[in-house]
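Participant: In the working numbering, the protein residues as written are 146 to 221.
Yeah, the Cβ is synthetic: ideal placement off N, Cα and C, and Gly gets one too.
All values derive from a computational prediction rather than experimental measurement.
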Amino acid sequence: MTKPILDAGASDELREWLADFEAAARRPLEVRMRYAFIHTYKPVLDDAPYRAFETMADYRRWCEENLPEWLGYGRV
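This is the structure we're talking about:
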């Protein structure tokens, strides 16, 4: 016997969450992929189509000097 996903004591919030999840699961894959990724502008990184570096050290130095810390490209 399978256990029901929601029992009688489930909260309205949980029921709403499950309904949203099930609705999303019924959408075609193409639609799900289109809405799965949200573009977030990344300062400096998105301002040029590409960058090339001679060495990994040059790349790391550039990241530390040019990118905001919250992007996570700095050294730990």
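With H, G and I counted as helix, E and B as strand and the rest as coil, what does DSSP make of GLU199?
Facilitator: Of the three classes helix, strand and coil, the one that applies to GLU199 here is coil, per DSSP.
Participant: Who are the Cβ neighbours of ALA169 in its own chain at under 8 Å, not counting the five residues just before and after it?
Facilitator: If we look at ALA169 and ignore the five residues flanking it on each side, its Cβ neighbours are ARG177.
Participant: Using the three-state DSSP reduction, which class does PHE166 fall into: helix, strand or coil?
Facilitator: Three-state result, PHE166: helix.
Participant: Return yes when at least one heavy atom of the ligand MN lies under 8 Å from the C-beta of ARG205, else no.
Facilitator: Absence of the ligand MN from the depicted structure is noted, as is the absence of any ligand whatsoever, leaving it without description.
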